[in-house]
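K.L.:
If you're matching positions, the sequence shown starts at 56 in the working numbering and goes up one per residue. Glycine is no exception: its CB is placed at the ideal position from the N, C-alpha and C atoms. Please read these numbers as outputs of a predicted model, since none were measured by experiment. Below you will find the structure I want to go over with you.
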Amino acid sequence: MNARRMPTSAPRSAVSPLRRHLSWLVPVAAVGAALAAVAYYNRPVPLPPVQAIEVVAQYPHATDAFTQGLIFVDGELYESTGHYGESRLRRLNVETGEVLQEVPLHRRYFGEGIAAVGDEIYLLTWKEGTAFVFDKNTLEEKRRISYEGEGWGLTYDGRHLIQSDGTDRLQFRDPASFEVVRTLHVTDGGRPLPYLNELEYIDGQIYANVWYSDLIACIDPQSGRVTRWLDLSPLKPPMADSEAVLNGTAYDKASGRIFVTGKLWPHLYEIRIPANKP
Ligand SMILES: [Ca+2]
């Protein structure tokens, strides 16, 4: 026997003629709302503006430095460099480019981005799944951390380390555990923006070099949207090496200065971003 209970809805005679008359409006309204929602989410996202920058100062930069990370913290500039057998972490004199102190990585590591958290500097490696942690003042290695995937750029927003891996993805890590606590996908005009490389957190935005591009993307850390582009193409030196691309942004929080350079570039620049000039 089929023990299903009979429907318990009210008999047809109990439905008022007016409700019966209007009932067809409900699905029509639902379809209309769905179409409106689709149109809303598929609407063209305006492309962010491209903004010129001004050069405030120009300093020497070592042309053997395959720049992968750049930070300015507590009055000092630090740079990490890449390539197997040539990867280093350096403390530099900004004005002269002189190497004040450096520590080489073992030749089996390809150095990538760096970020300072307190008195420690975290340094990623490209494909080795190892992050090194150095004492910021002595550059002595304090510990190593294992992680999954590739390491490209790194920065710190005061709470989380933010890591790029060459895709459109930014991973937010707890500095204490190095666990990923959040993932952000970056979009430019509604489209995924891959090849995110060296990073710098500046006044609530994530500045990202895009591999092989002369532009820096300014990214909203909540939505992942590029809010504007900075055009640094006038700074690009005429170099034969196709790998000598823009890569390296550092922010001096105390003075508001922004420094940029590129891989193997002969100069480091202090730049200024004119306000409200898209
Ligand atoms: Ca940086």
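From the DSSP output, in three-state form, read off L319 for me.
P.N.:
Reduced to three states, the DSSP call for L319 is coil.
K.L.:
With which residues is Q156 paired in a DSSP beta bridge?
P.N.:
Answer is R146.
K.L.:
What does a CB cutoff of less than 6 Å around E183 pick up in its chain, not counting 5 residues either side in sequence?
P.N.:
Hits under 6 Å: Y164.
K.L.:
Who are the Cβ neighbours of D174 in its own chain at under 8 Å, not counting the five residues just before and after it?
P.N.:
Taken in chain order, the residues that qualify are D190, K191, N192.
K.L.:
By how many angstroms is the C-alpha of I108 removed from the C-alpha of R237?
P.N.:
Cα to Cα, R237 sits roughly 31 Å from I108.
K.L.:
Would you call the CB atoms of H322 and P115 closer than 8 Å?
P.N.:
For H322 and P115, yes; Cβs fall inside 8 Å.
K.L.:
Of all the options I200, P289, I313, which has the alpha carbon lying nearest to the alpha carbon of Y256?
P.N.:
Nearest option by C-alpha distance: I313.
K.L.:
Relative to the C-alpha of G259, which candidate in G140, W266, D275 has its C-alpha closest?
P.N.:
Among G140, W266, D275, the Cα nearest to that of G259 belongs to D275.
K.L.:
Locate the beta strand (DSSP E) running through V236, then write down its first and last residues.
P.N.:
First-last of the beta strand (DSSP E) with V236: 235-240.
K.L.:
Per DSSP, what kind of secondary structure is T151 in: helix, strand or coil?
P.N.:
Looking at T151 - three-state DSSP - the assignment turns out to be coil, as it is neither helix nor strand.
K.L.:
So T136 and Q123 are in contact, right, with Cβ under 8 Å, and what is the actual spacing, rounded?
P.N.:
That belief holds up - the Cβ atoms of T136 and Q123 are roughly 6 Å apart, short of 8 Å.
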